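What follows is a single structure, written as structure tokens, with notes after it.
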Amino acid sequence: MLQKQKKLLPRVICCYFLAVFIPIVLLSFMIYHYFSDQRIKEYTTDRITSLLMEQNSLENELDIVQQYSSQLQSDYELRLLLHGIYTSNSKVVRAYNTQIYSLLSNIRLHNPNIRDISIYTENEIAANLLKEFYPLSAQLFSKTLIHFC
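When the letters of the sequence shown are read in order and numbered with our numbering, they come out as residues 28 to 176.
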């Protein structure tokens, strides 16, 4: 009888492994990978969504800044001031007070994200007198006349 029991025990253990343990391990492994893949997909989808929202936000801000830039570049008084047509202090201050100040204030009023407007000019008088104006030698980028901060 003991002999039969010794032969039967390995068979029971083998059957246990084949019938119970291995399927449970494989099923657990499959379930783990399924949920892991689901979490990765959710994270990736959320990340893509947030990046697309950020991209849209930045594109909207860029469009707004381009509109303000074109608005400033199309202003006749500002162009005269930038290119140094006004050479006396009184003409510079008069042009600033009559046209340019209201234009810059309007831009700041409509967009609270604009903290400061820096305008680079060839006109040294305007750069010395007015707070938003800087000489071309102080600009960071070579061909940009109007820079929004």
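Glycine residues also receive a C-beta, built at the ideal position from the N, C-alpha and C atoms.
A quick note: this is a predicted structure, and the numbers were derived from the prediction, not measured.
Under the three-pair Cβ rule at 8 Å, the region 88 to 98 counts as touching the region 124 to 139.
By alpha-carbon distance to Y95, the top candidate from S145, K33, I40, Y43 is S145. Residue environment analysis places L99 among the buried positions, since at least 16 neighbouring C-beta atoms fall within 10 angstroms of its C-beta.
Unbroken beta strand (DSSP E) stretches of 3 residues or longer found wholly inside the region 82 to 169: 144 to 148, 160 to 162, given in chain order. Counting only the Cα atoms, S101 lies some 18 Å from V119.
Of the other Cβ atoms in all chains shown, 16 or more fall within 10 Å of the Cβ of Y113; this residue is therefore buried. Within the same chain, no residue comes within 8 Å of P37 by CB-CB distance, once the 5 residues on both sides are set aside. For a cut-off of 8 Å, the C-beta gap from L157 to Y123 is around 6 Å, short enough to register as a contact.
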